[in-house]
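Participant: As given, the protein sequences belong to chains F and Y, one line each in that order. Sequential numbering from 271 applies to the first sequence in this note's numbering. Sequential numbering from 402 applies to the second sequence in this note's numbering. Glycine included, C-beta positions come from ideal geometry on N, C-alpha and C. What follows is a single structure, and I will ask about it in a moment.
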Amino acid sequence: MPKNLWPSLAKGAAGFLAGFALWWALSSPYARLLASVSETLMRLAERPPVTRLAADGAELVIDRDDFPRASPRPGLLLMDLTANIIVLTTLFAVARHPLSDRNIAGLLLGSLSLAVVHVIAVIVNVQSIYALRLGAWSERNYGPVARNLWGAGAHFYSVIGVFGSAFALWWLFRPSSVENAARAR
Amino acid sequence: MFVAKFCGGMLGLYAVIALNQVNDRVVVPFTEVVTRGAAGLLSIFESGVWAAGTVMRSSQFALDVRNGCNGVEAVILLAAAIFAFPATLRSRLIGVSAASVAIQLLNLVRLSSLFWLGEHYRRIFDFFHVAVWQSLVILAAISIFILWSWKFAEKPLAESR
Chain F
271 MPKNLWPSLA
281 KGAAGFLAGF
291 ALWWALSSPY
301 ARLLASVSET
311 LMRLAERPPV
321 TRLAADGAEL
331 VIDRDDFPRA
341 SPRPGLLLMD
351 LTANIIVLTT
361 LFAVARHPLS
371 DRNIAGLLLG
381 SLSLAVVHVI
391 AVIVNVQSIY
401 ALRLGAWSER
411 NYGPVARNLW
421 GAGAHFYSVI
431 GVFGSAFALW
441 WLFRPSSVEN
451 AARAR
Chain Y
402 MFVAKFCGGM
412 LGLYAVIALN
422 QVNDRVVVPF
432 TEVVTRGAAG
442 LLSIFESGVW
452 AAGTVMRSSQ
462 FALDVRNGCN
472 GVEAVILLAA
482 AIFAFPATLR
492 SRLIGVSAAS
502 VAIQLLNLVR
512 LSSLFWLGEH
522 YRRIFDFFHV
532 AVWQSLVILA
542 AISIFILWSW
552 KFAEKPLAES
562 R
């Protein structure tokens, strides 16, 4: 256990601010990227492909070809789903050598993996909106098992998974764990 | 191995709190206690704040404390990490108990300050709610876990993966 925690706290605060600035500044372009990737994946699984996702600032507007024209389109706030990048950058910032090649590589790998988690979270959330929030349309198109499954998935991510995933990815990609794996080999 | 156990622990604990009976009989009453605590804490600094069920109220603002805001999620994350980590049962139980108290105390500060922000600076309330306080509570939970692992299981920390 380190005798002086202040350097770690200072590095953590810097990482928190850096992650926060990144998350805030890139929220709109990142929303467009998430919309594009998630829409492509969802349409691959649909017969016929009907889902259209459009980024509106940091929000995702969900549309389907079979929605009535006059009905309002549901939206999904992406900032709630992606705030875990702040936790990830903070955790990597408290490393003994935060700017070392290994730590930066770990951060990049962790961030890329987190982007995959975000795409999955968007798909699960859109499906939970389809399954639970569109009244009679939801009941017509989703059975009780599917409604529970998508609803629980979205709830799990919003309550625990969002930050649990950031912690798990940090644990996997932090330099000491990479060193330990190399040593074990 | 640690990550697999951690993810399994998170899913298992989530499955427990997601049960309707557990939610209605344990989580909601606990959230009401947390809400009363946060209202009580804020009452030290300003008058006219009270709690009704899971809602904190004043004449200007109301805040409904829901799942995800009652600190239970941070405790679950922490408990999943502590139980996934190689250590004795005694040190795990001490870790989860002490850490849960610390997280809940921090959560009282979080809820009181969010309510105060909602009352006086509504425009930045969402921002602090989503980005700042959520991250800080989770980071506090992770920091407590790391400190616990240094204190009780320094050797396994370096070796676990």
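Report yes or no: is there a C-beta of chain Y within less than 8 angstroms of the C-beta of V429 of chain F?
Facilitator: Residue 429 of chain F sits at position 159 when you count from the first residue of the first sequence. It does: the Cβ of V429 of chain F has a partner Cβ on chain Y nearer than 8 angstroms.
Participant: Would you say L402 of chain Y reaches chain F, if we count a Cβ-Cβ gap shorter than 8 angstroms as a contact?
Facilitator: Position 1 of the second sequence, counting from 1, holds the residue named residue 402 of chain Y. Reading off the sequence, residue 402 of chain Y comes out as Met, not Leu. By this cut-off, M402 of chain Y is not an interface position.
Participant: Go through the stretch 350-374 of chain F residue by residue and report every complete run of the alpha helix (DSSP H) that reaches 4 residues or more, in order.
Facilitator: Counting whole runs of 4 or more residues, the stretch 350-374 of chain F contains the alpha helix (DSSP H) stretches 354-363.
Participant: Which class does R410 of chain F belong to by DSSP, given the choice of helix, strand or coil?
Facilitator: Within the first sequence, numbered from 1, the residue matching residue 410 of chain F stands at position 140. Helix at R410 of chain F.
Participant: For A325 of chain F, which of F:S298, F:R317, F:P344 has the nearest alpha-carbon?
Facilitator: Position 55 of the first sequence, counted from the start, is the residue given in the question as residue 325 of chain F. Nearest option by C-alpha distance: F:S298.
Participant: By Cβ distance below 6 angstroms, which residues in the same chain neighbour V456 of chain Y in space, the five residues on each side in sequence not counted?
Facilitator: Counting from one through the second sequence, the residue named residue 456 of chain Y turns up at place 55. Closer than 6 angstroms at Cβ, skipping near neighbours: A463, D465.
Participant: Mind listing which residues of the stretch 352-375 of chain F have their C-beta closer than 9 angstroms to chain Y's C-betas, in chain order?
Facilitator: Residues passing the 9 angstroms Cβ filter: A353, N354, I356, V357, T360, L361, V364.
Participant: What's the call for M312 of chain F, buried or exposed, on a 16-neighbour Cβ count within 10 Å?
Facilitator: The sequence position of residue 312 of chain F within the first sequence is 42, counting from 1. Answer is buried; the Cβ neighbour count reaches 16.
Participant: Give the DSSP-derived three-state secondary structure of V466 of chain Y in the structure shown.
Facilitator: Residue numbering aside, residue 466 of chain Y sits at position 65 when the second sequence is read from its first letter. Of the three classes helix, strand and coil, the one that applies to V466 of chain Y here is coil, per DSSP.
Participant: Return the CA-CA distance between E433 of chain Y and G454 of chain Y, expressed in angstroms with no decimal places.
Facilitator: Residue 433 of chain Y sits at position 32 when you count from the first residue of the second sequence. Residue 454 of chain Y sits at position 53 when you count from the first residue of the second sequence. Going by the C-alpha atoms only, they are around 5 angstroms apart.
Participant: Taking three-plus beta-carbon pairs below 8 angstroms as touching, is the stretch 497-513 of chain Y in contact with the stretch 401-408 of chain F?
Facilitator: At 8 angstroms Cβ cutoff, the stretches do not touch.
Participant: Check each candidate in F:N373, F:I356, F:A375, F:V392 and name the one with the smallest Cα separation from W294 of chain F.
Facilitator: As a position in the first sequence, residue 294 of chain F is number 24, starting the count at 1. It is F:I356 whose Cα lies nearest to the Cα of W294 of chain F.
Participant: Please state whether DSSP places I445 of chain Y in a helix, a strand or coil.
Facilitator: Walking along the second sequence from the start, residue 445 of chain Y turns up at place 44. In this structure, I445 of chain Y counts as coil in the three-state DSSP scheme.
Participant: Evaluate I430 of chain F with the Cβ neighbour count: other Cβ atoms within 10 Å of its Cβ, from every protein chain shown; 16 or more gives buried, anything less gives exposed.
Facilitator: As a working note, residue 430 of chain F is residue 160 in the first sequence. Burial call: buried.
Participant: Helix, strand or coil for R322 of chain F per DSSP?
Facilitator: In the first sequence, counting from the first residue as 1, residue 322 of chain F sits at position 52. If DSSP states are grouped into helix, strand and coil, R322 of chain F belongs with the strands.
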